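For the record, in the sequence shown the residue sitting at position 170 is 155 according to my numbering, with numbers rising by one throughout. The beta-carbon is built from N, C-alpha and C at its ideal position, and this holds for glycine as well. Since we're looking at a predicted model, the values are computed, not measured.
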Amino acid sequence: MEKLAKLRATFDNLGIDGILITDAYNRRYLTDFTGSAGTVIVTKTDAFLLVDFRYVSQANAQATNFTVKELDRSIIFEEIATLAENLGIKKLGFEQKHQTYFYHSQLVKAVKADLVPVANVVETLRMFKNEAEIAILKKAAEISDAAFSHILTFIQPGRTEIEISNELEFHMRKLGATSSSFDIIVASGARSALPHGVASDKVVEKGDMITLDFGAYYQGYCSDMTRTIAVGEPNPKLKEIYGIVHDALENALSGIKAGMTGKEADALTRNLISEKGYGDNYGHGMGHGIGLYIHEDIFMNPTCEQHIEEGMVLTIEPGIYIPNLGGVRIEDDIILKKDSIEIITKSRKELIIL
């Protein structure tokens, strides 16, 4: 009910008396329903979850704060229109970022209420995690840490990046994860200069640096951790870069605090890296929110004027990438508290040389 109350509190400012939720992540956040299809309508007094016959029992069991209504998928727009009319909705908000042109055009034809475009309404609520969400995110991070410890015993010259990625995935599943949070990044040798170098058939060689960026998808929530290791003695330049990235991460972990703008938080890593001469090799933001989705608001970068606040769960992930040589990224997940932070990814951050 807390989530519904917070959603309803936005209605007056938005100029709506009801809202239609079609995004899958926002639907799950509000309802706890884990099915793959469904539509939500919330007014100031009512909350409906519309599902087809496949999900009625599941929806009734999971969405305990919602009235579950079975609908006919072949006439979904007419069913939405009828319910909106019966609920007396005059101005119906819709998620403008999450509707196709076709979907919206059919909605316009069917619904008599004024359709009001809204954006980031539920996403803003999702930025702040409650105790139950934080407990799940901590467990997801714990699984990631355990998988990292395991993969250090598996990596060796001759393994392919795909083999390493698959082993990470399988081990996280053994520990209770549904899957990985995203396509696992295993980027070795010169490929470690690719910030999103998803695992390939490349064979790991002695002297390679390997960037491992992965997370556990656990009970609907994502962890996101990066560690860069070496297999054998790495290039001295890459060892130097590792030290800079490590210092940038530690500077951010010690300096970040509630009330900063995303731009100010980003500067905790960016200024240090730039002072060392690698600013042009750090092309992404310092971090982002995590939760039901791997990349959630807030996005800390050089232009972000939003404030980071207590209750947010964030990544901090500075990196340096040198084409044709390699790269380094180190990433932790943190909980932002009133006067401190809690780091929930515990794996060691000093350079590991296997």
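Own chain, CB closer than 8 Å to methionine 245, minus 5 neighbours either side, in chain order: The residue labelled residue 245 in the question sits at position 260 within the sequence shown. Only His292, Ile293 meet the Cβ criterion.
Buried or exposed by the 16-neighbour rule on C-beta atoms within 10 Å, applied to asparagine 309: Start at 1 with the first residue of the sequence shown, and residue 309 comes out as number 324. Under this definition asparagine 309 is an exposed residue.
Residue of Ala32, Lys54, Ile195 minimising C-alpha distance to valine 41: Here residue 41 refers to the residue found at position 56 when the sequence shown is read from its first residue. Looking only at Ala32, Lys54, Ile195, the smallest Cα-Cα distance to valine 41 is reached by Lys54.
Leucine 277 in three-state terms, based on DSSP: On the sequence shown, position 292 is the one that residue 277 refers to. Per DSSP, reduced to three states, the secondary structure at leucine 277 is coil, with no helix or strand assignment.
Cβ-based neighbour list, glutamate 70, same chain, cut-off 7 Å, excluding 5 preceding and 5 following: In the sequence shown, residue 70 corresponds to position 85, counting from 1. Taken in chain order, the residues that qualify are Lys97.
Glycine 192 vs proline 221 beta-carbon contact at 9 Å: Here residue 192 corresponds to residue number 207 of the sequence shown, with the count starting at 1. Here residue 221 corresponds to residue number 236 of the sequence shown, with the count starting at 1. Inclusion of glycine 192 and proline 221 in the CB contact set at 9 Å is not warranted, their separation being larger than that value.
Close beta carbons around glutamate 154, own chain, < 6 Å, minus the five adjacent residues each side: Working through the sequence shown from its first residue, we reach residue 154 at position 169. Cβ neighbours of glutamate 154 beyond the five flanking positions: Ser165.
C-alpha gap between glutamate 127 and threonine -5, whole angstroms: Position 142 of the sequence shown holds residue 127. Position 10 of the sequence shown holds residue -5. Straight across, the Cα-Cα distance linking glutamate 127 with threonine -5 is about 35 Å.
CA-to-CA distance, glycine 3 to isoleucine 26, given in whole angstroms: Translated into positions along the sequence shown, residue 26 becomes position 41. Translated into positions along the sequence shown, residue 3 becomes position 18. Between the alpha carbons of isoleucine 26 and glycine 3 lies a gap of roughly 7 Å.
First and last residue of the uninterrupted alpha helix (DSSP H) at threonine 16: Looking up residue 16 in the sequence shown gives position 31. Counted as a single uninterrupted DSSP element, the alpha helix (DSSP H) harbouring threonine 16 occupies residues 9 to 16.
Three-state secondary structure assigned by DSSP to proline 287: Residue numbering aside, residue 287 sits at position 302 when the sequence shown is read from its first letter. Residue state, collapsed to three classes: coil.
For leucine -11, the first and last residue of its enclosing alpha helix (DSSP H): For the purposes of this step, residue -11 is taken as residue 4 along the sequence shown, with counting starting at 1. It spans -13 to -7 - the alpha helix (DSSP H) in which leucine -11 sits, taken as one unbroken run.
C-beta contact flag for leucine 137 and isoleucine 214 at 9 Å: Here residue 137 refers to the residue found at position 152 when the sequence shown is read from its first residue. Here residue 214 refers to the residue found at position 229 when the sequence shown is read from its first residue. Inclusion of leucine 137 and isoleucine 214 in the CB contact set at 9 Å is warranted, their separation being smaller than that value.
Opening and closing residue of the alpha helix (DSSP H) in which phenylalanine 139 lies: As a working note, residue 139 is residue 154 in the sequence shown. Phenylalanine 139 -> no alpha helix (DSSP H), and no H or E assigned at all.
Span of the alpha helix (DSSP H), counted from its first residue to its last, around valine 93: As a working note, residue 93 is residue 108 in the sequence shown. Unbroken alpha helix (DSSP H) run through valine 93: 86 to 95.
Beta-carbon gap between isoleucine 195 and valine 171 smaller than 9 Å: Your numbering for residue 195 matches position 210 in the sequence shown. Your numbering for residue 171 matches position 186 in the sequence shown. Against a cut-off of 9 Å, the Cβ pair of valine 171 and isoleucine 195 comes out as a contact.
Unbroken stretches of the beta strand (DSSP E), 3 residues or longer, contained in the region 46 to 91: Along the length of the region 46 to 91, whole beta strand (DSSP E) runs at least 3 residues long occupy 52 to 55, 76 to 80, reported in chain order.
Within 9 Å, strictly: CB atoms of tyrosine 14 and leucine 277: For the purposes of this step, residue 14 is taken as the residue at position 29 of the sequence shown. For the purposes of this step, residue 277 is taken as the residue at position 292 of the sequence shown. Taking 9 Å as the Cβ cut-off, tyrosine 14 and leucine 277 qualify as a contacting pair.
Residue interval of the alpha helix (DSSP H) (run including valine 107): Against the sequence shown, residue 107 aligns to sequence position 122. Here the alpha helix (DSSP H) through valine 107 covers 106 to 111.
DSSP state of phenylalanine 167 mapped onto helix, strand, coil: Position 182 of the sequence shown holds residue 167. Look at phenylalanine 167 here: in three-state DSSP terms it is coil, with no helix or strand label.
Beta-carbon proximity check, leucine 110 vs leucine 5, cutoff 9 Å: The residue labelled residue 110 in the question sits at position 125 within the sequence shown. The residue labelled residue 5 in the question sits at position 20 within the sequence shown. Cβ atoms of leucine 110 and leucine 5: not closer than 9 Å.
Proximity to glutamate 316 [Cα-Cα], best of Tyr306, Leu299, Asp324, Lys323: Looking up residue 316 in the sequence shown gives position 331. The candidate whose alpha carbon is nearest that of glutamate 316 is Leu299.
Terminal residues of the alpha helix (DSSP H) in which aspartate -3 lies: Within the sequence shown, residue -3 is the residue found at index 12, counting from 1. Per DSSP, aspartate -3 belongs to the alpha helix (DSSP H) from -4 to -1.
Close beta carbons around aspartate 282, own chain, < 6 Å, minus the five adjacent residues each side: By 1-based counting over the sequence shown, the position of residue 282 is 297. Cβ neighbours of aspartate 282 beyond the five flanking positions: Glu108, Met112, Gly274.
6 Å CB neighbourhood of leucine 223 in its chain, flanking five on each side removed: Numbered from its first residue, the sequence shown carries residue 223 at position 238. Closer than 6 Å at the Cβ level, and outside the excluded window around leucine 223, lie Met194, Gly311.
Cβ neighbour criterion (16 or more within 10 Å) applied to aspartate 57: In the sequence shown, the residue the question calls residue 57 occupies position 72. Result: exposed.
Nearest to leucine 336 (by Cα), restricted to the options Asp232, Thr254, Leu253, Gly262: Along the sequence shown, one-based indexing puts residue 336 at 351. Nearest option by C-alpha distance: Asp232.
Local Cβ density within 10 Å of methionine -14, reported as buried at 16 or more and exposed below that: Start at 1 with the first residue of the sequence shown, and residue -14 comes out as number 1. Under this definition methionine -14 is an exposed residue.
Euclidean distance between Cα positions of alanine 131 and lysine 123: Translated into positions along the sequence shown, residue 131 becomes position 146. Translated into positions along the sequence shown, residue 123 becomes position 138. Spanning the two alpha carbons is a distance of roughly 12 Å.
Arginine 314 at chain B interface by Cβ criterion, 9 Å: Reference to chain B is not applicable here, since this structure consists of a single protein chain.
Short Cβ contact (9 Å threshold) for proline 142 with valine 216: As a first step, residue 142 is located in the sequence shown; it is residue number 157 there, counting from the start. As a first step, residue 216 is located in the sequence shown; it is residue number 231 there, counting from the start. Cβ atoms of proline 142 and valine 216: closer than 9 Å.
Straight-line gap, leucine 253 to phenylalanine 284 (C-alpha atoms, nearest Å): Reading the sequence shown from its first residue, position 268 is the one you call residue 253. Reading the sequence shown from its first residue, position 299 is the one you call residue 284. Taking C-alpha positions only, leucine 253 is separated from phenylalanine 284 by approximately 14 Å.
Expected contact under 8 Å - CB spacing of alanine 22 and valine 36 to nearest Å: Numbered from its first residue, the sequence shown carries residue 22 at position 37. Numbered from its first residue, the sequence shown carries residue 36 at position 51. Contact holds; Cβ gap of about 7 Å.
Top-ranked residue by Cα proximity to serine 208, from Thr52, Thr330, Leu34: Translated into the one-based positions of the sequence shown, residue 208 becomes position 223. Among Thr52, Thr330, Leu34, the Cα nearest to that of serine 208 belongs to Thr330.
Sequence-distant residues of the same chain with beta carbon closer than 8 Å to threonine 52, five excluded per side: On the sequence shown, residue 52 is found 67 positions in, with the first residue counted as 1. Take threonine 52, set aside five residues on each side of it, and the residues of its chain with a beta-carbon closer than 8 Å to its own are Asp31, Ala32, Phe33, Leu34, in chain order.
Per DSSP, cross-strand counterpart(s) of arginine 212: To locate residue 212, count along the sequence shown from 1; it is residue 227. Note: arginine 212 sits in a beta bridge opposite Leu197.
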